Amino acid sequence: MTTLLVRHAQLLVTMDDHRQEIVDGGLFIRDGFIEQVGASNSLPQIADEILDLSGHLILPGMVNTHHHFYQTLTRAVPAAQNANLFNWLKTLYPIWARMNPEDIRISTQTALAELALSGCTTASDHLYLFPNGSKLDDEIEAAADVGIRLHASRGSMSLGESKGGLPPDSVVDSEEAILIDSERLIQKYHDPKPGSMVQIVLAPCSPFSVTTELMKESAVLARKYGVHLHTHLAETQDEEQFTLEKFGYRPVAYMQSVGWVGQDVWYAHSVHVSKAEIAVYAKEGCGVAHCPSSNMRLASGIAPLREYLQAGVKVGLGVDGSASNDGSHMLAEARQALLLARLRSG
0 MTTLLVRHAQ LLVTMDDHRQ EIVDGGLFIR DGFIEQVGAS NSLPQIADEI
50 LDLSGHLILP GMVNTHHHFY QTLTRAVPAA QNANLFNWLK TLYPIWARMN
100 PEDIRISTQT ALAELALSGC TTASDHLYLF PNGSKLDDEI EAAADVGIRL
150 HASRGSMSLG ESKGGLPPDS VVDSEEAILI DSERLIQKYH DPKPGSMVQI
200 VLAPCSPFSV TTELMKESAV LARKYGVHLH THLAETQDEE QFTLEKFGYR
250 PVAYMQSVGW VGQDVWYAHS VHVSKAEIAV YAKEGCGVAH CPSSNMRLAS
300 GIAPLREYLQ AGVKVGLGVD GSASNDGSHM LAEARQALLL ARLRSG
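Residues in the sequence shown are numbered from 0 upward in steps of one, following numbering that gives the first Met the number 0.
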């Protein structure tokens, strides 16, 4: 067992139910888990390593619930600056199709460094296209050098333009290939233990880029291994129109039809939902990744954050990809969420 004593922080902010703040605070940590929080003189005074944080502030580590690391390399593309989601994607798909494994590694480390410097200790990333031999392995290996806990979402797209989907056929894969690789990744990397550094998530990209069959089969595979499910949902009114025309359902009802509700599911965005759909989230235990900067950047709308919280829906914060945020700053995103909630609800 290894121990770490962190002491003499000018202020330790607990963020507990009482918002307790401890002057001259510290932590006692054993094997990576916090055992004790309190005033420095109340903690054990002997440890394998002692870290003096005089003049510093300690905050709980932040969790980023939605990102696309690879987009770190495609910030501020001129043609995508004044576009809604669908036009933005159509502009960027051809650029992303030229990325390679080294691009995935570099963008991963860039995004994670930005997250770490803004207080993030656990991040979920959604990589859903794999051009030129790229694999989720490239991201996982690059992330190990940074040291942030990673929920690596094996994204996928199987519904190309020729079948009525949004992405070009050049960036989609077959259902069979996606499912085979998803199972390989779970078997190779997924570590379900508390405090693990890598967990795998299955994450077909969105209703407008994935076939119904892949949604269903991904849910079956995820539940076979006990891994979580993640996708974009109810982000824009264009998406709602697409699901109504293509599947005959609004986005949330479509998720219900393919078995994508439950405590093992969380959705990115969920901006355009009704009171009844919020009730479905609350009843089934579905979570939401709230991405205010991206939603403003793409004019998608404002998620009903207060209504979610009042209904008991689990809500996390996500910076989303840097192509729709222009950064990966967790504290800045928290501020955006606060200000946008005030704008919407007072």
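From the three backbone atoms N, C-alpha and C, an ideal C-beta is built for every residue, glycine too. Model, not experiment: these values are computed from the prediction.
Does residue i come out as helix, strand or coil in the three-state DSSP assignment?
{"i": "Lys245", "result": "helix"}
{"i": "Gln255", "result": "helix"}
{"i": "Ala38", "result": "strand"}
{"i": "Met295", "result": "helix"}
{"i": "Asp16", "result": "coil"}
{"i": "Thr90", "result": "helix"}
{"i": "Met329", "result": "helix"}
{"i": "Pro59", "result": "coil"}
{"i": "Val260", "result": "coil"}
{"i": "Asp23", "result": "strand"}
Mind checking whether residue i and residue j have CB atoms under 8 Å apart?
{"i": "Leu220", "j": "Ser181", "result": "yes"}
{"i": "Ser299", "j": "Asp319", "result": "no"}
{"i": "Ala142", "j": "Leu111", "result": "yes"}
{"i": "Arg51", "j": "His7", "result": "A small correction: the amino acid at residue 51 is Asp; Arg does not occupy that position in the sequence shown. It is a contact, given that the beta carbons lie within the stated cut-off."}
{"i": "Ser327", "j": "Leu114", "result": "yes"}
{"i": "Tyr69", "j": "Pro167", "result": "no"}
{"i": "Gly315", "j": "Val12", "result": "no"}
{"i": "Asp172", "j": "Ser155", "result": "yes"}
{"i": "Leu158", "j": "Val200", "result": "no"}
{"i": "Ala310", "j": "Ile277", "result": "yes"}
{"i": "Leu72", "j": "Ser106", "result": "yes"}
{"i": "Leu213", "j": "Leu88", "result": "no"}
{"i": "Val279", "j": "Val257", "result": "no"}
{"i": "His268", "j": "Cys285", "result": "no"}
{"i": "Leu4", "j": "Phe27", "result": "yes"}
In the DSSP assignment, what residue or residues form a beta bridge with residue i?
{"i": "Tyr266", "result": "Thr230 and Val287"}
{"i": "Thr2", "result": "Arg29"}
{"i": "Lys313", "result": "Gly286"}
Which stretch, first to last residue, makes up the alpha helix (DSSP H) that contains residue i?
{"i": "Thr211", "result": "Thr211 to Tyr224"}
{"i": "Leu128", "result": "Counting along the chain, Leu128 falls outside any alpha helix (DSSP H), and DSSP gives it neither H nor E."}
{"i": "Leu304", "result": "Leu304 to Ala310"}
Give the range of the beta strand (DSSP E) segment to which residue i is assigned.
{"i": "Ile49", "result": "Glu48 to Asp51"}
Unbroken stretches of the alpha helix (DSSP H), 4 residues or longer, contained in the region 141 to 217: 174 to 188
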